[in-house]
Structure formats: structure tokens, C-alpha cells
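Engineer:
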Amino acid sequence: MESVGPDDSELFKPDFDLIPIKSGDYIEIGVLAPGLPAGTEFHLDYYALPDRFFDLGGSTSLSGNGKFSLEVPLTWNDDLQLPISIIFPDGSSTVENLHVDVTPANFAGNHDVTYTDTTLTAGDTTTITPTTTDLPANTTITLVENTNLNDAHTTGWTIDTTPHGQLTVTAPITATTGIELTLLVAYPDGTEEETTAIINTTPANFAGNHDVTYTDTTLTAGDTTTITPTTTDLPANTTITLVENTNLNDAHTTGWTIDTTPHGQLTVTAPITAGKIQLSVLISYADGTSEVTSVNIEALPKPVVEEPKDDDKDHPQPAPKPSGSSFGSS
Numbered sequence: 072m073e074s075v076g077p078d079d080s081e082l083f084k085p086d087f088d089l090i091p092i093k094s095g096d097y098i099e100i101g102v103l104a105p106g107l108p109a110g111t112e113f114h115l116d117y118y119a120l121p122d123r124f125f126d127l128g129g130s131t132s133l134s135g136n137g138k139f140s141l142e143v144p145l146t147w148n149d150d151l152q153l154p155i156s157i158i159f160p161d162g163s164s165t166v167e168n169l170h171v172d173v174t175p176a177n178f179a180g181n182h183d184v185t186y187t188d189t190t191l192t193a194g195d196t197t198t199i200t201p202t203t204t205d206l207p208a209n210t211t212i213t214l215v216e217n218t219n220l221n222d223a224h225t226t227g228w229t230i231d232t233t234p235h236g237q238l239t240v241t242a243p244i245t246a247t248t249g250i251e252l253t254l255l256v257a258y259p260d261g262t263e264e265e266t267t268a269i270i271n272t273t274p275a276n277f278a279g280n281h282d283v284t285y286t287d288t289t290l291t292a293g294d295t296t297t298i299t300p301t302t303t304d305l306p307a308n309t310t311i312t313l314v315e316n317t318n319l320n321d322a323h324t325t326g327w328t329i330d331t332t333p334h335g336q337l338t339v340t341a342p343i344t345a346g347k348i349q350l351s352v353l354i355s356y357a358d359g360t361s362e363v364t365s366v367n368i369e370a371l372p373k374p375v376v377e378e379p380k381d382d383d384k385d386h387p388q389p390a391p392k393p394s395g396s397s398f399g400s401s
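Its first residue numbered 72, the sequence shown is counted upward by one per residue in the numbering used here.
(1) Measure the alpha-carbon distance for Leu353 versus Gln336 and round it to whole angstroms.
(2) How many angstroms separate the CA atom of His334 from the CA atom of Asp205?
(3) Fully enclosed by the region 191-234, which beta strand (DSSP E) runs are 3 residues long or longer?
(4) Does the distance from the C-beta atom of Thr338 to that of Thr303 stay below 8 angstroms?
(5) Quick check on the burial criterion: 16 or more other C-beta atoms within 10 angstroms. Buried or exposed for Gly399?
(6) Hey, does Thr146 have any beta-carbon neighbour from chain C nearer than 8 angstroms?
(7) Beta-carbon within less than 6 angstroms of Val141's beta-carbon, same chain only, minus the 5 sequence neighbours each way: which residues are those?
(8) Along the beta strand (DSSP E) that carries Phe113, what are the first and last residues, could you check?
(9) Kindly confirm or deny that the region 148-164 and the region 102-119 touch, where touching means at least three C-beta pairs closer than 8 angstroms.
(10) The beta strand (DSSP E) with Ser164 in it runs from where to where?
(11) Take Thr239 and list the residues in its own chain whose beta-carbon comes closer than 6 angstroms to its own, dropping the five residues that flank it on each side.
(12) Three or more C-beta pairs closer than 8 angstroms, one from the region 200-216 and one from the region 243-262: is that the case here?
(13) In angstroms, rounded to a whole number, what distance separates the CA positions of Ile92 and Gly227?
(14) Let me know the secondary structure DSSP gives Phe124 once reduced to three states.
(15) The alpha helix (DSSP H) that contains Glu81, what's its start and end?
(16) Cβ atoms of Val143 and Asp88: under 8 angstroms apart, would you say?
(17) Drop a sphere of 10 angstroms on the beta-carbon of Ser397, count the other beta-carbons inside from all chains shown, and report buried for 16 or more, exposed for fewer.
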């Protein structure tokens, strides 16, 4: 009786190497298990892979001659075990597992998104961009809704952002302190990180940067004049009002009339009697600062007008001669 030797599946033991790969990468292998008899066929059980692997964009292929390719989804972080059927030329077969060691991409751990601290003057607008520019495609950066952001909006800050994390920030004119914003960096591999953007503020200090004055003014008692500030480049929404004090009360009591516009133009009528007044004017700026300046006004006496002299009284003229007479006649 002729003895039967071992079949190919007993003689050949495929040795699949462990395949290391990172999430989001692609690998291609020419022959999975070299050294097997010619005509050996390979078949992959695709149903052994989770549906989620394909739903996330993963793919794999195995040709009959052992050429293998694998693309791991960017958001896939689990190792893979692929059952592969090997059919030898003698018809014997075996099933061996191909092990794939998947290393998560971990974009959040491999990138560091930061913003440089920024300072702007109250009332101004600035644009701030992340210092990191080599972020993976499809990374998004959004503002985190928290107490800091709500407080900023409540106090008049406006903040706009693009999906790439560029911030356009306008400080309110009354700002005296800065803000700290939190941003969420979401990477396409599913990892996330938070970062902060600090915006410092320099107060506008309009009162310290402007000097409103009035030129000393004289007018004739009983007359009216208009007085305007010497400074014309005041910030928008600046208002100028008379200060209610003893000087103003005394002026009203002695017959002065004073009217003012929100821009500080004074219309003053002096009483019929001469005199001086000093008015205090409050300049209120849109940034909340203010200053007081003075207006000095003097009413001069009216000039005395003398009556013209009567020459006929001071120098009498000779009486006219009688009509028809002549000198020396008898």
C-alpha cells in the first residue's frame, strides 16, 4: 500500500509579519507570505472586518496571488485582525490571522495651537491668527461658549472667528481691562484640544489725550455773542455741558443768559450793566472719561455818546440888512 505524505497545509506554515500602521495611512505589500508553493491562493474574509471600518472610509484588498493593501481611516484607532484563507495547489487549506497594529494619529498630541497675547486700544479692532499654520486638513477652531465669552459680549466686545481660528476682535470704547477667550481645536482624527487667546486693553483716555479750551471773550453790555471751543477734532459722541455751580447761578441772577449746544457752542447775552463771569464746562467723552474747562467772559460798558454843540447859540450871527437899503444913504 502506497503511503500518503503530508499535504501542503502541513508542510508550509505561512508566517505573516505584524503590520504596523498609523491611522489615516495606506500600506501596500507585494506578497503577504513569500516562500509558499506556486499557485497558492489567498482569500480575505472581508465580513470579518467591522462595518464601521468601512463606514469611516477604510479599505483593504487582497489579490489571489497575495498582494495586499490597506488604508486605515483617520479616526480608526483599534488594532485589526484579518482572517485569511490560504489554498495550496494540492487543495489543502488553512486559515491564518493577519495582525495589524494601528497607532492613533493623535493630532492633538502632535500639534500645539497657540495665540500670541495681543494688546489694543479701547474702541479699536484687531485681527489675531494662530501661530501654528501647519495644521492637518479639515481642522476647525471655534470659540468655546463660557463665562468669559458671555461677559465679553455683555460688556460690548465683538468677536468673530473663521473656521481656521482667525479672530477679529473689537474692544468697546469704555474697556479698561482685557479678555481671555477659550478656543476648541477639533482635528479630523477625532482628537481635540483647547487653547486660549488673551487680548489686553489700553484705555482710550480721551480726557488725557484732548484739551478743550475757550478763548477769553469780551462783548458790550447788552450784546450777544457766540463762543465755540478752540478744539474741533473731538471723538465722536463727545458732549459738552454747563456745570451747575455758584458762578452759573450768579450769572443768571445778574441778568446773563447762556445757552449751549451738545458740541459746546455757547450763546451768551450780557446784561445792560458791565461785569465779568467765569463759566465751568464739563466735557464728557464716549470712553467714560471727562474733564472740566473754564470760559471767561467780560461785558464792557457801553460807550457814552456826547450830544453835538449848538454853534448858533455859542456864536450869534449879525442880523440881516433891511431889504432895499444901502450903506451911507440918507
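Note that CB positions come from ideal geometry on N, CA and C, so glycine has one too.
Structural biologist: On the basis of the supplied data:
(1) Residue 353 sits at position 282 when you count from the first residue of the sequence shown. Residue 336 sits at position 265 when you count from the first residue of the sequence shown. Between Leu353 and Gln336, the C-alpha separation is close to 12 angstroms.
(2) Position 263 of the sequence shown holds residue 334. Position 134 of the sequence shown holds residue 205. Computed Cα separation, rounded: 53 angstroms.
(3) Scanning the region 191-234 for uninterrupted beta strand (DSSP E) segments of 3 residues or longer gives 196-199, 211-214, 229-232, listed from N- to C-terminal end.
(4) Here residue 338 corresponds to residue number 267 of the sequence shown, with the count starting at 1. Here residue 303 corresponds to residue number 232 of the sequence shown, with the count starting at 1. Not a contact, by the Cβ cut-off of 8 angstroms.
(5) Counted from its first residue, the sequence shown places residue 399 at position 328. Note that Gly399 scores 41 on pLDDT, short of 50, meaning its location in the model is unreliable; the coordinates nonetheless yield the value given after this. Its Cβ having fewer than 16 others within 10 Å, Gly399 is exposed.
(6) No chain C is part of this structure, which consists of one protein chain only.
(7) Within the sequence shown, residue 141 is the residue found at index 70, counting from 1. Here the sequence assigns Leu to residue 141, which means Val is not the residue at that position. In the same chain as Leu141, and ignoring 5 residues on each side of it, the C-beta atoms closer than 6 angstroms to its own belong to Ile98, Thr131, in chain order.
(8) Here residue 113 refers to the residue found at position 42 when the sequence shown is read from its first residue. For Phe113, the enclosing beta strand (DSSP E) starts and ends at 112-115.
(9) Cβ pair count under 8 angstroms is three or more, so yes.
(10) On the sequence shown, residue 164 is found 93 positions in, with the first residue counted as 1. Segment 164-174, the beta strand (DSSP E) holding Ser164.
(11) Translated into the one-based positions of the sequence shown, residue 239 becomes position 168. Excluding sequence neighbours, Thr239 sits near Thr198, Asp231.
(12) The answer is yes - the region 243-262 touches the region 200-216, with three or more Cβ pairs under 8 angstroms.
(13) In the sequence shown, the residue the question calls residue 92 occupies position 21. In the sequence shown, the residue the question calls residue 227 occupies position 156. For Ile92 and Gly227, the gap between their C-alpha atoms comes out near 50 angstroms.
(14) Counted from its first residue, the sequence shown places residue 124 at position 53. Secondary structure at Phe124: helix, using DSSP grouped into helix, strand and coil.
(15) On the sequence shown, residue 81 is found 10 positions in, with the first residue counted as 1. Looking at the DSSP string, the run of the alpha helix (DSSP H) that includes Glu81 is 79-82.
(16) The sequence position of residue 88 within the sequence shown is 17, counting from 1. The sequence position of residue 143 within the sequence shown is 72, counting from 1. No; because the gap between Cβ atoms is not below 8 angstroms, this pair is not in contact.
(17) Your numbering for residue 397 matches position 326 in the sequence shown. Note that Ser397 scores 39 on pLDDT, short of 50, meaning its location in the model is unreliable; the coordinates nonetheless yield the value given after this. It counts as exposed.
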